[in-house]
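Number 98 marks the last residue of the sequence shown (my numbering); no jumps.
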Amino acid sequence: VWVGLGTVVGWLCAKLARVPQEVMPICVAASAFGNATALPLVLLTSMAQTYGGGPQDHLMMQSRLLSNLSIYLMVYPLLQWSWGRFLLAPEEKIAQDIQASSIGGVTPAGQS
């Protein structure tokens, strides 16, 4: 959610600021991944500490929120390396990689 929201906000800000086309992917990626680690960490931790209810409910909610945080932190690198690559790679390179993978051929390192 945070990465998607950051992508949309970054794209809108880059369009409004009339950022040059070659710099736009960098601005969008910086906005998309800027707070994607720290913000959920802080929000989920504070929610786990301030949940009102009995002691049993508090421990159960804290355990549930922190387990969600651990899942998010395991999935986050996948987002960085997939969506971040999509945002920052030149469009021609992505098209070549898709074509090579659909054919089944693998290009050696250093050759494109």
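Ideal placement from N, C-alpha and C gives every residue a C-beta, glycine not left out.
Computed from a prediction, not measured in an experiment: that's the story for all the values here.
So which of the options has the shortest CA-CA distance to residue i?
i	options	result
W(-12)	S56, V28, A22, A86	A22
S32	S17, Q48, A75	Q48
A18	L27, G(-4), M46, M10	G(-4)
E8	I57, Q85, P76	P76
P71	P11, V61, A3, V5	Here residue 71 turns out to be Arg, not Pro, going by the sequence shown. Here the closest residue by C-alpha is P11.
S53	S87, L(-2), L30, P6	L30
Could you round the C-beta distance between residue i and residue j to whole angstroms and report it? I think they count as a contact, below 8 Å.
i	j	result
V14	L65	With 8 Å as the limit, V14 and L65 do not qualify as a contact, their Cβ atoms being about 14 Å apart.
Residue i and residue j: beta carbons closer than 8 Å?
i	j	result
L55	L27	yes
L59	A34	no
G(-8)	G20	yes
Just checking: is the beta-carbon of residue i within a distance shorter than 8 Å of some beta-carbon in chain B?
i	result
A24	No chain B appears in the structure shown, which is made up of a single protein chain.
Residue ranges of each beta strand (DSSP E) within the segment 46 to 72, 3 or longer: With a minimum length of 3 residues, no continuous beta strand (DSSP E) run stays inside the segment 46 to 72.
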